[in-house]
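Worksheet: the structure to be examined is printed underneath.
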Amino acid sequence: MDIQHIGIVGCGLMGSGIAQCAAEAGYQVWVKEADEALLAKGLARIQGAWERAAVKGKLTGDQKAELGRHLNGTTTFAALAGCDLVVEAVPERMDLKLQTFAELDRVLGPGALLCTNTSSLSVAQISPALSPHRLARLAGLHFFNPVPVMPLVEVVRTLATDEDTLAALRAFVAKLGKTAVLAPDAPGFVVNRLLVPYLLDAMRCAEQKLATVEDIDTGMKLGCGHPMGPLHLSDFIGLDTMQSVAEVLFEAFGEPRFKAPSVLRQLVAAGRLGRKSGSGFYRWE
Ligand code: CAA
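In terms of our numbering, the numbers along the sequence shown are unbroken and rise by one, the last being 417.
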């Protein structure tokens with residue numbers, strides 16, 4: 133499978149990171165957003181990253197201009213018609229995912245690969261939005277935040293995903309300079325299945341006043357060599373995201389270690405969603 137043209141649906145934090153990495157790997161990238169304002173914001177985030185790289189001396193002016201030529205914005209699905217691979221990165225709502233894939237089903241060529249960047253929903257549940265011949269080409273491509281920095285992508289196979297698709301996705305991930313692990317279409321895949329109970333446990337420790345928020349984080353950072361402590365990382369991921377991922381995992385497995393602790397629910401109810409809202413376990417202003 134020859135992948136040259138990449139479509140990204142959704143240019144939020146994850147979508148813009150994926151688009152940036154794909155453009156940097158030399159692909160022609162089409163980014164689709166719901167309206168012009170969201171598109172401009174997403175594209176500005178990518179251009180901002182290239183500006184910062186240029187200021188640090190990691191990109192020349194010519195290289196930055198060349199990257200810009202690999203990035204195209206659109207608000208229509210029709211503009212994605214020529215894409216060989218499309219990655220959906222819209223918010224984590226199945227109704228939105230189904231609408232997106234129904235539109236992609238309408239416009240894409242018959243051989244196109246269709247991927248979702250979902251971190252918590254079932255990939256196979258997207259199937260009803262697609263024509264039967266496309267199901268072998270549907271898979272998950274789960275990137276990690278911040279996408280330009282994190283070197284892992286989970287390649288998620290459904291029962292219908294074929295070997296050619298998996299091989300093409302592994303090659304795509306390698307061309308992005310990242311490492312792929314193959315994960316089953318089970319809640320949390322591999323990484324969140326292990327990471328989320330750890331983060332929720334750290335919240336329970338804070339709730340039970342085992343130690344201060346800062347000391348829990350310092351303990352895990354310096355004691356275990358993690359780049360961020362668990363409460364810092366939860367704020368970084370977003371506490372609303374943490375709560376919704378916990379709900380999906382708890383519903384699937386019914387184990388107490390996946391249950392959202394009350395401190396998490398209270399912070400989310402108070403609008404303290406972590407770094408993006410200015411406060412969570414920490415104050416970010
Ligand atoms: N976007 C792009 N680049 C970023 C960035 C961002 N948000 N944050 C940092 N960087 C870049 C910096 O520009 C810098 O690049 P250079 O070396 O080229 O100058 C590099 O990353 C290191 O940054 P810093 O020195 O400022 O900070 P750091 O060394 O503390 O690294 C970090 C920052 C990479 C975020 C690091 O703290 C880290 O790895 N944290 C853990 C992140 C993590 O675990 N992510 C997974 C979240 S779980 C998830 O995503 C799954 C899910 O489904 C919920």
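Backbone N, C-alpha and C define an ideal beta-carbon position, used for all residues, glycine too. Only a predicted model underlies this, so the values are computations on that prediction, with no experimental measurement involved.
Helix, strand or coil at residue i [DSSP, three-state]
i: Ala157; result: coil
i: Thr248; result: strand
i: Ile258; result: helix
i: Gly406; result: strand
i: Arg415; result: strand
i: Phe368; result: helix
i: Phe385; result: helix
i: Ser263; result: coil
i: Phe233; result: helix
i: Phe390; result: helix
i: Asp296; result: helix
i: Lys196; result: helix
i: Ala343; result: coil
i: Ile135; result: coil
i: Pro188; result: Contrary to the premise, residue 188 reads as Lys rather than Pro in this sequence. Coil, per DSSP.
i: Glu168; result: helix
i: Val322; result: coil
Sheet register partners of residue i (DSSP bridge)
i: Glu286; result: His274, Val313
i: Ile140; result: Val163, Val219
i: Gly205; result: Val163
C-beta atoms of residue i and residue j nearer than 8 Å
i: Arg389; j: Pro329; result: yes
i: Ile369; j: Asn249; result: no
i: Glu295; j: Phe321; result: no
i: Ile138; j: Ala221; result: no
i: Leu371; j: Leu396; result: yes
i: Phe209; j: Val161; result: no
i: Leu253; j: Glu235; result: no
i: Arg290; j: Ala315; result: The sequence given here has Thr at residue 290, not Arg. No. Outside cutoff.
i: Asp237; j: Leu262; result: yes
With three or more beta-carbon pairs closer than 8 Å as the criterion, would you say the stretch 170–180 touches the stretch 308–317? no
Which residues, in chain order, sit with a beta-carbon under 5 Å away from any heavy atom of the ligand CAA? Ser251, Phe276, Asn277, Pro278, Pro280, Val281, Pro359, Met360, Ile369
Using 8 Å as the cut-off, can you tell me whether the stretch 338–355 makes contact with the stretch 266–285, which would need three or more C-beta pairs spanning the two stretches below that distance? no
Should the stretch 211–220 be regarded as contacting the stretch 181–192, the criterion being three or more beta carbon pairs within less than 8 Å? no
Is it true that the stretch 331–344 meets the stretch 251–267, where meeting means three or more beta-carbon pairs spaced less than 8 Å apart? no
Assess contact between the stretch 235–247 and the stretch 291–305, defined as three or more Cβ pairs (one per stretch) separated by less than 8 Å. Is contact present? yes
Tell me whether the stretch 218–234 and the stretch 196–203 touch, counting them as touching only if at least three CB pairs, one residue from each stretch, are closer than 8 Å. no
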